[in-house]
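Working notes, structure below.
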Amino acid sequence: MRLYKMELYKLCHRKIFVIGAICVIGIMLLSFCLYVSDELATVDGIRYTGFKAAQVNRRITEEFRGVLTDEKVEKIVEKYGFPQMVEEGWNYFRDGNFLNYFVLDYLSDGYMRSWTGDYKVAQNVYPIADSDLGAVKEITGQEIILEYYQGWNTFLNVMPIGMILGSILILFGISVIFANERQTKMLQLIFTTNEGREKEVRAKIAAAMTVAVSVWAVIFVLNLLLCGIVYGLDGLDCYNGMVTFYMLPWPERMIPMRSYLMEVILFSFFGIISLCAITIYVSARSKNNFHSVAIAAVCWGAPVLVAMLTDGFNGISKILCAAPVFMVMHEVIEEVYNIWVMPLLIAILVSIVCTIIAHRKYSRQQVV
């Protein structure tokens, strides 16, 4: 335990790690504030923005919360009308709220593609049965639930930002864990007995994994806490398509939010864990800190280039979804919605193999 605490202290008290952690939290808070500032609600002729708009949208949705019916849609239009104010530079109507925006998008003949003239103020409401919502209802056999899901939309948008930044923090923080001992010529001085070597290597790996899990947990909890406070956590009875962008009668857009969020959490967690394991392996084989950071960064970023050259995640390229850089992005779940267990198993296998090989490699290096 003493060795573990010592290694954990060494990792967490490096200036680059401390400054990096502060930057990650700061950028996450800034990103969250920017998403909140985009929130808009117009009720009784009064326009609210930002935090106040989120509270207003949350309040007015309570009245219509639950199974969506044509009667509810008519009442929403009767009470709030259709958005129609156009402002320069804004490609959506500026006098709406969560409810009448929802009706505008899914159940009306109105649209806004560009404020320069490619828009139409809604005049008519379509029956649910004749809309994409009706098609989804027919396919799934489940009712469409209306809830204020904007909190989960913001959560899913901020999560990848935090996880990408957290991945960079892990790359710089953990890549030196073994390489630094070679660079400082400390191999011959650290625990010369066989028992000592085993404890040292295990302590380093345990400390690295603890840091990685802690980075993931702080990003996840902070994001969840912020979204819960500002927006609330309603929307778990909706579908991922409604929350993320637009729901269509496609299987990848009709995943229940409870399942979708579980997959997002699992993907991001094992994405971070597999990145940590790969970084440990690279560090165990590197002669100095620079080589370790550079090689680990290339391993992390290379799948992005490969995906660009192979035109995305089609066919065999779906295996790229198991790369740590993609596993922290929730959009990738739509690419593997029917085989989502595969990337998880690959990430777990990579984590185990890299950790074992790193352990053996570093232990043998100390003997030399």
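In our numbering, each residue's number is its place in the sequence shown (first place is 1) plus 535. Quick reminder that beta carbons are idealized off the backbone N, C-alpha and C, glycines included.
>> Using the Cβ count rule (16 or more neighbours within 10 Å means buried), how would you classify E598?
In response: Walking along the sequence shown from the start, residue 598 turns up at place 63. Counting Cβ neighbours within 10 Å, E598 comes out exposed, since fewer than 16 surround it.
> How do the region 684 to 704 and the region 768 to 776 stand: do at least 3 beta-carbon pairs fall below 8 Å, yes or no?
Replying inline: yes
> DSSP state of G601, grouped into three classes?
Replying inline: Position 66 of the sequence shown, counting from 1, holds the residue named residue 601. The answer is strand: DSSP assigns G601 an E or B state.
> Can you tell me whether T728 is buried or exposed, with buried defined as 16 or more other CB within 10 angstroms of its CB?
Replying inline: Your numbering for residue 728 matches position 193 in the sequence shown. In this predicted model, T728 has a pLDDT of only 48, less than 50, meaning its place in the structure is not dependable; the value taken from the coordinates is given anyway. Under this definition T728 is an exposed residue.
>> Can you give me the C-alpha to C-alpha distance between Y615 and P791, rounded to a whole angstrom?
In response: The residue labelled residue 615 in the question sits at position 80 within the sequence shown. The residue labelled residue 791 in the question sits at position 256 within the sequence shown. Rounded to the nearest angstrom, the two C-alpha atoms are 28 Å apart.
>> Per the DSSP calculation, Y654 is bridged to which residue(s)?
In response: Against the sequence shown, residue 654 aligns to sequence position 119. In DSSP, Y654 forms a bridge with M647.
> What residues in its chain sit with their C-beta under 8 Å from that of P786, if we drop five residues either side in the sequence?
Replying inline: The residue labelled residue 786 in the question sits at position 251 within the sequence shown. Contacts found: Y872 and N873.
> Where DSSP assigns a beta bridge to L575, which residues make up the other side?
Replying inline: Here residue 575 is taken as the residue at index 40 of the sequence shown, counted from 1. The partner list for L575 (beta bridge, DSSP) reads T584.
> Can you tell me whether DSSP reads V888 as helix, strand or coil?
Replying inline: Working through the sequence shown from its first residue, we reach residue 888 at position 353. Note: V888 maps to helix in three-state DSSP.
>> Can you check which of these residues, H894, H548 and C558, is closest to A738 by C-alpha distance?
In response: Indexing the sequence shown from 1 puts residue 738 at position 203. Residue H894 is the option with its Cα nearest to A738.
>> Please tell me whether D667 has its Cβ less than 9 Å away from any Cβ of chain C.
In response: Among the protein chains of the structure shown there is no chain C, as only one such chain exists.
> If we count the other Cβ atoms within 10 Å of its Cβ and call it buried at 16 or more, is T651 buried or exposed?
Replying inline: Walking along the sequence shown from the start, residue 651 turns up at place 116. The residue is exposed, with fewer than 16 neighbouring Cβ atoms inside 10 Å.
> In its own chain, which residues sit with a C-beta less than 6 Å from the C-beta of S852, not counting the 5 before and 5 after it?
Replying inline: Position 317 of the sequence shown, counting from 1, holds the residue named residue 852. Same-chain partners within the cutoff: T845.
> If A812 and S886 are in contact, beta carbons under 8 Å, what's the gap, nearest whole angstrom?
Replying inline: Your numbering for residue 812 matches position 277 in the sequence shown. Your numbering for residue 886 matches position 351 in the sequence shown. Between S886 and A812 the Cβ distance is about 4 Å, and since that is below 8 Å, they are a contact.
> Looking at Y683 and N592, is the spacing between their C-beta atoms short of 9 Å?
Replying inline: Along the sequence shown, one-based indexing puts residue 592 at 57. Along the sequence shown, one-based indexing puts residue 683 at 148. Yes, they are a contact pair.
> Who are the near neighbours of V888 in its chain, counting only those whose CB is closer than 7 Å to its CB and skipping five residues on each side?
Replying inline: Locating residue 888 in the sequence shown gives position 353, counting from the first residue. Counting only Cβ-Cβ distances below 7 Å, and skipping sequence neighbours, we find nothing.
> Where do the N-terminal and C-terminal ends of the alpha helix (DSSP H) with V841 fall, by residue?
Replying inline: Position 306 of the sequence shown, counted from the first residue, corresponds to residue 841. Start and end: N824 to L844.
>> Mapping the DSSP letters down to three states, classify V902 as helix, strand or coil.
In response: Working through the sequence shown from its first residue, we reach residue 902 at position 367. With a pLDDT of 46 at V902, under the threshold of 50, the predicted position of this residue should be treated as unreliable, though the coordinate-derived value follows. Reduced to three states, the DSSP call for V902 is helix.
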